[in-house]
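Asks: There's a structure below that I have some questions on.
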Amino acid sequence: MPMDPDLAVEITGLKKAFGDFVAVDGLDLRIAKGEIFGLLGPNGAGKTTTIRMICGLMAPTSGEILVWGHRMPKERDALIRITGYMAQRFSLYEDLTVKENLEFFGRLYGIPRSELKGRVSELLNFLSLEEFSGRLAGRLSGGMKQRLALGVALVHRPKLLILDEPTAGVDPPIRRMFWDYLRGLNKESVTILVTTHYMDEAENCDRIALVNKGKIVAEGTPRGLKREVFGGDLVEVTVEGDRDPSQALPPCKVLEERCCFTECGMPAKALRLLVQDAPREVPKVVRALEGGGFRVVSVSPAYVTLEDVFINVVEGRSRVA
Ligand SMILES: Nc1ncnc2c1ncn2[C@@H]1O[C@H](COP(=O)(O)OP(=O)(O)OP(=O)(O)O)[C@@H](O)[C@H]1O
Ligand SMILES: [Mg+2]
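Per my numbering, the sequence shown starts with residue 99, numbered consecutively.
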């Protein structure tokens, strides 16, 4: 199978069985160079198993994996300098300091001593770890440990960064900071493959694949997936009065209609609509309602989360509809 030069990762029919149990069940995946790609799924979906096979740390039962043109796990050695891997579990030396960990892994990658010093201080600065550089890794807080682990994964300036749940158990402000780092690296043309089960975080990815029970159940951009799953954009409209406004609407799907009150305490109706393309159709909806004698109190896009998408795809039901 020739590798497309624009692809960082190309996976075909990937399977991994542990005895009778199939953890990864026929995965096909293409990740372009320069992308931030998210693998999203619940506990046990097969994310770590997939990542470990991509890194060449585990042999697949069947299927093919090409990473930067190298076949895994056979050509794993060629990949070591290209990829940076941050495992789900903290795997650094707890009895070495922050700085010593960075230096140790730097030497392991064969970075010359003359270069390593500058590289380490650059990373300490980038990850705001300077004031903790002399602290033992085992004494760091969870968020600092994750930052150090990211630093170690970056010490040899990889082109492909593979992160397995980098922000698990970390406070939201640190998670945001982490994503700022990742976007910064991506701007400098680092391709990123990241797993998470924080659906809100996945909004940061260029593309995502939803994984469940070892299979990809949906794939696309965050907005594209939302539109695909719901068949369009969701819009919320409130009109004054207690008449039924649905007759006045242009063709669209009314998902929900309920009675409510305006801020001044007047009776009102709230509608949840499914339209093909919100920016184009919302003005038409407003005009039609006003033409039908309704006073439109508010119109807003309904915020659909990736969690809504996931529940819809995996469980075949929708929380928004
Ligand atoms: N070495 C192993 N032997 C047997 N079963 C395994 C092994 N490694 C993983 N599994 C099983 O494979 C399934 C997928 O595990 P995996 O760790 O890939 O999931 P995950 O998506 O990373 O989950 P999490 O979000 O909890 O990290 C799980 O049911 C797990 O118990
Ligand atoms: Mg995992």
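The beta carbon of each residue, even a glycine, is placed where N, CA and C say it ideally should be.
It should be emphasised that the depicted structure is a prediction, and the values quoted were computed from it without experimental measurement.
Return the Cβ separation of THR294 and THR265 in integer angstroms, given the expectation that the two are a contact with Cβ distance under 8 Å.
Replies: For this step, residue 294 is matched to residue 196 along the sequence shown. For this step, residue 265 is matched to residue 167 along the sequence shown. Yes, they are in contact, since the Cβ atoms of THR294 and THR265 sit about 7 Å apart, within 8 Å.
Asks: Any Cβ of chain B within less than 8 Å of the Cβ of ASP104?
Replies: The structure shown contains no chain B; it is built from a single protein chain.
Asks: Looking only at its own chain, which residues have a Cβ that is under 7 Å from the Cβ of PHE188, when we skip the five neighbours before and after it?
Replies: Translated into positions along the sequence shown, residue 188 becomes position 90. If we look at PHE188 and ignore the five residues flanking it on each side, its Cβ neighbours are LYS243 and ALA247.
Asks: Would LEU238 pass as a contact of GLY182 if the rule is Cβ separation under 8 Å?
Replies: Counting from one through the sequence shown, the residue named residue 238 turns up at place 140. Counting from one through the sequence shown, the residue named residue 182 turns up at place 84. Going by C-beta atoms, LEU238 is not nearer than 8 Å to GLY182.
Asks: Could you give the C-beta distance for VAL327 and ASN410, rounded to a whole number, given that I count them as a contact under 8 Å?
Replies: Walking along the sequence shown from the start, residue 327 turns up at place 229. Walking along the sequence shown from the start, residue 410 turns up at place 312. At roughly 5 Å, the Cβ-Cβ gap stays under 8 Å, so VAL327 and ASN410 are in contact.
Asks: By DSSP, does LEU138 sit in helix, in strand, or in coil?
Replies: Residue mapping note: residue 138 aligns to position 40 of the sequence shown, counting from 1. Note: LEU138 maps to strand in three-state DSSP.
Asks: Report the option in GLY282, LEU214, MET156 and ARG233 whose CA atom is closest to the CA atom of TYR191.
Replies: Start at 1 with the first residue of the sequence shown, and residue 191 comes out as number 93. Closest option to TYR191, Cα to Cα, is ARG233.
Asks: Could you pull the start and end residues of the alpha helix (DSSP H) that GLY181 belongs to?
Replies: Within the sequence shown, the letter at position 83 stands for residue 181. For the sequence presented, residue 181 should be read as Thr rather than Gly. First-last for THR181: 181-184, but that is the beta strand (DSSP E), not the alpha helix (DSSP H).
Asks: Nearest to GLY144 by CA position, among ARG169, GLU173, LYS114 and ILE129, is which residue?
Replies: The residue you call residue 144 lines up with position 46 of the sequence shown. Answer by Cα proximity: LYS114.
Asks: Once DSSP output is grouped into helix, strand and coil, what is the label at ARG417?
Replies: Counting from 1 along the sequence shown, the entry for residue 417 is found at position 319. Since pLDDT at ARG417 reaches only 42, below the 50 mark, its modelled position is unreliable, and no value is offered.
Asks: Going along the chain, which unbroken runs of the beta strand (DSSP E) with 3 or more residues stay wholly within the segment 386-417?
Replies: The qualifying runs are 394-399.
Asks: In the DSSP output, which residue or residues are listed as bridge partners for THR336?
Replies: Counting from one through the sequence shown, the residue named residue 336 turns up at place 238. Its beta-bridge partners are ALA368 and SER396.
Asks: Using the rule of at least 16 other Cβ atoms within 10 Å of the residue's Cβ for burial, across every protein chain shown, is ARG415 buried or exposed?
Replies: Along the sequence shown, read from residue 1 onward, the residue named residue 415 stands at position 317. Interpretation of ARG415 is limited by its pLDDT of 48, a score under 50 that renders its predicted location unreliable; no figure is taken from the coordinates.
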